[in-house]
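Report on the following structure.
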Amino acid sequence: MRTGFIGLGAMGSGMARNLQRAGLLAGVWNRTAAKAAALGSELQCTAHASPAELARNCEALVICVSADQDVLAVVAAVAPALRAGALVIDCSTVGADTARAAAAQLARHGVEFLDAPVSGGIEGAAKGTLAIMVGGEAAALEHAQPVLQAMGAAITHFGPHGAGQAAKATNQIMVAGIIRANAEALAFARAQGLDLGKVIATLGRGAAANWYLANRGAYMERGEFPAGFRVRLHQKDLLICRAMALAAGAQLPVVEAALADYAELAAAGHADADISSIFLLKAALFAHAPARTET
Ligand code: NAP
229 MRTGFIGLGA MGSGMARNLQ RAGLLAGVWN RTAAKAAALG SELQCTAHAS PAELARNCEA
289 LVICVSADQD VLAVVAAVAP ALRAGALVID CSTVGADTAR AAAAQLARHG VEFLDAPVSG
349 GIEGAAKGTL AIMVGGEAAA LEHAQPVLQA MGAAITHFGP HGAGQAAKAT NQIMVAGIIR
409 ANAEALAFAR AQGLDLGKVI ATLGRGAAAN WYLANRGAYM ERGEFPAGFR VRLHQKDLLI
469 CRAMALAAGA QLPVVEAALA DYAELAAAGH ADADISSIFL LKAALFAHAP ARTET
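What follows is the structure, encoded as structure tokens:
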């Protein structure tokens with residue numbers, strides 16, 4: 229299946245490389261053309277001048293762009309250029325309503341759509357081990373399997389269009405709690421005078437083990453937070469989670485607390501840093517701790 233990739237960011241570049249390894253990648257397009265040119269020459273595939281030009285040359289398209297309006301803009305650009313029977317797989321994290329709107333727009337051109345948001349970070353994107361949460365028709369998922377298997381290790385069909393995004397919103401609520409708990413606990417450990425390397429290695433083998441401790445604990449230890457998963461992207465996800473929860477009649481404390489922290493981080497200039505930069509806020513809680521006396 230000749231597959232094109234749109235959105236060569238932190239996630240998309242790794243995912244496109246895995247499509248190329250699987251022999252599926254026909255071409256790429258990225259808004260900032262220099263990124264597409266560089267990856268096109270690395271992977272020996274065409275960097276197209278427009279999303280429509282890429283769409284005309286493909287049977288399947290994978291999209292991994294930032295937010296709802298970006299997905300809808302890309303879908304509007306490719307829909308008239310795709311042939312009937314083609315398939316669009318959106319791996320961006322967006323609202324379930326956006327997934328349903330994209331599906332409806334593509335259906336008018338006879339094009340299948342799956343919402344297929346992913347989890348596993350840039351590491352999972354590079355290794356092809358992402359968890360992929362799918363919404364859409366079972367037949368479209370069957371059609372998409374070779375593409376999804378090239379990028380992920382766990383592919384789960386959750387239901388109709390939008391159900392994949394609902395599962396991803398669930399994931400993002402969990403991540404909000406986990407990243408804050410890690411940051412708060414590691415800031416506490418440092419204030420106790422503990423060696424963070426030892427804490428991460430040892431607690432990572434016990435009941436508190438989690439992906440963020442294993443993969444982002446070292447960022448907190450070093451005080452360096454390269455994206456990764458940008459603060460502004462998790463903010464965007466949690467605003468989606470907030471709206472979905474409110475529509476179901478609930479306000480979620482974990483979501484609200486994380487949004488407040490991210491607003492503070494963004495105001496301090498960290499919107500493009502990895503979300504593990506939340507450690508900066510937690511470390512500041514201990515800024516006035518009395519100096520420890522060694523015994
Ligand atoms: P990123 O590094 O910021 O890359 C975003 C990509 O989207 C870039 O290629 C950007 O193009 C493109 N883009 C943004 N707006 C666009 C528009 N209007 N039209 C066309 N292209 C547009 O983001 P990322 O970390 O790869 O994340 C991509 C998606 O995956 C997001 O929805 C995010 O929430 C989700 N996600 C991220 C992670 C993670 O750990 N990073 C994990 C799971 C899911 P330019 O190069 O021109 O800026």
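Start counting the sequence shown at 229; every next residue gets the next number (the working numbering). Even glycine gets a Cβ: it sits at the ideal position worked out from N, Cα and C.
Notebook entry, point to check: Between the C-alpha atoms of Glu365 and Ala391, what's the straight-line distance to the nearest angstrom?
Noted result: On the sequence shown, position 137 is the one that residue 365 refers to. On the sequence shown, position 163 is the one that residue 391 refers to. Glu365 and Ala391 have their C-alpha atoms some 11 Å from each other.
Notebook entry, point to check: For Ala381, which three-state DSSP category applies?
Noted result: Here the question's residue 381 lines up with position 153 in the sequence shown. Ala381 falls in the strand class under three-state DSSP.
Notebook entry, point to check: So, do the segment 351-362 and the segment 241-248 have three or more beta carbon pairs nearer to each other than 8 Å?
Noted result: Taking 8 Å as the limit for Cβ pairs, the verdict is that the segment 241-248 does touch the segment 351-362.
Note to self: Please report the straight-line C-alpha distance between Ala335 and Val303, rounded to a whole angstrom.
What the structure shows: Taking the sequence shown and counting its residues from 1, one reaches residue 335 at position 107. Taking the sequence shown and counting its residues from 1, one reaches residue 303 at position 75. One C-alpha to the other measures close to 11 Å.
Note to self: If we require 4 or more residues per run, which alpha helix (DSSP H) segments fall completely within the segment 395-457?
What the structure shows: Correct list: 424-431, 439-450.
Next item on the list: Answer with buried or exposed for Ser504, where buried requires no fewer than 16 other C-beta atoms within 10 angstroms of its C-beta.
Entry: Position 276 of the sequence shown, counted from the first residue, corresponds to residue 504. By the 10 Å Cβ count, Ser504 comes out buried.
Notebook entry, point to check: Counting pairs of beta carbons, one from the segment 284-300 and one from the segment 248-260, are three or more of them closer than 8 Å?
Noted result: yes
Checklist line | Per DSSP, the bridge partner or partners of Glu340 | finding: For the purposes of this step, residue 340 is taken as the residue at position 112 of the sequence shown. According to DSSP, Glu340 bridges with Leu315.
Note to self: Counting C-beta neighbours from all protein chains within 10 Å, is the total for Arg230 16 or more, i.e. buried, or is it exposed?
What the structure shows: Translated into positions along the sequence shown, residue 230 becomes position 2. Residue burial annotation: Arg230 is exposed, with fewer than 16 other C-beta atoms found within 10 angstroms of its C-beta.
Next item on the list: Look at the alpha carbon of Leu369 and the alpha carbon of Phe341, and state the distance between them as a whole number of angstroms.
Entry: Reading the sequence shown from its first residue, position 141 is the one you call residue 369. Reading the sequence shown from its first residue, position 113 is the one you call residue 341. Roughly 9 Å between the two C-alpha positions.
Next item on the list: State whether the segment 299-319 contacts the segment 469-478, with contact taken as three or more CB pairs (one from each stretch) at a distance under 8 Å.
Entry: no
Margin query: Using the three-state DSSP reduction, which class does Gly387 fall into: helix, strand or coil?
Written below: Numbered from 1 along the sequence shown, position 159 holds the residue referred to as residue 387. The answer is strand: DSSP assigns Gly387 an E or B state.
Next item on the list: Taking only runs that begin and end inside the segment 269-335, name each unbroken alpha helix (DSSP H) of 4 or more residues, in chain order.
Entry: 279-284, 296-306, 324-335
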